[in-house]
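*Asks:* Oh and the sequence shown: position 91 is 94 in our numbering, straight run, nothing missing.
Glycine included, each C-beta is placed from N, C-alpha and C at the ideal position.
Dropping the structure in here first, questions after.
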Amino acid sequence: MSDFTDDLDDLETAEDFLRFFHVTYDQRVVNVNRLHILQRFHDYLSADNGMEGLDDDGMSSRYRFHLERAYQDFVVSNAIAEKTFKVHKEEARKMADRFVPLDSLLGSPVG
């Protein structure tokens, strides 16, 4: 096991990860989105196919990139809009299914 992997094992909270990877953060954003940030971070790491064979410095750099990206997603947006978790994805689908065009409510235009 590498030093990098050992260090990761000690991280527990979103703040631990953000501090470890030197990502500047606003505590208010983390307070509201901590689980979403960590889930998005995990999703980005899972989708990254270029980490094979990287040394500890390369892995750390790549992890930092994905954590910064995940954090920024929630600085400029919110958990519902980002649909991080299954419940949000299902709610967005339900909302789309319930969409009723305004024209259908107004009936045919009066001329």
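Could you spell out the range, first to last residue, of the alpha helix (DSSP H) harbouring V78?
*Replies:* D59 to V78
*Asks:* Spell out whether any CB of chain B is found under 7 angstroms from the CB atom of A82.
*Replies:* This model lacks chain B altogether, as it is built from one protein chain only.
*Asks:* With distances taken from CA atoms, which of D59, L109 and F44 is nearest E1?
*Replies:* Any answer about residue 1 is impossible in this case: the structure gives the chain only from 4 up to 114.
*Asks:* With 16 as the cutoff for other CB atoms within 10 Å, does A73 come out buried or exposed?
*Replies:* Burial call: buried.
*Asks:* If we count the other Cβ atoms within 10 Å of its Cβ and call it buried at 16 or more, is N36 buried or exposed?
*Replies:* buried
*Asks:* Determine the contact status of M54 and R65, defining contact as a CB-CB distance below 7 angstroms.
*Replies:* yes
*Asks:* Taking the alpha-carbon positions, what's the D12 to A84 distance?
*Replies:* About 31 angstroms.
*Asks:* My guess is that F24 and D59 are in contact by the Cβ rule of under 8 angstroms, so how many angstroms apart are they, rounded?
*Replies:* At roughly 13 angstroms, the Cβ-Cβ gap does not stay under 8 angstroms, so F24 and D59 are not in contact.
*Asks:* Alpha carbon to alpha carbon, what distance is there between D106 and S80?
*Replies:* 30 angstroms
*Asks:* According to DSSP, is Y47 part of a helix, a strand, or is it coil?
*Replies:* It is helical.
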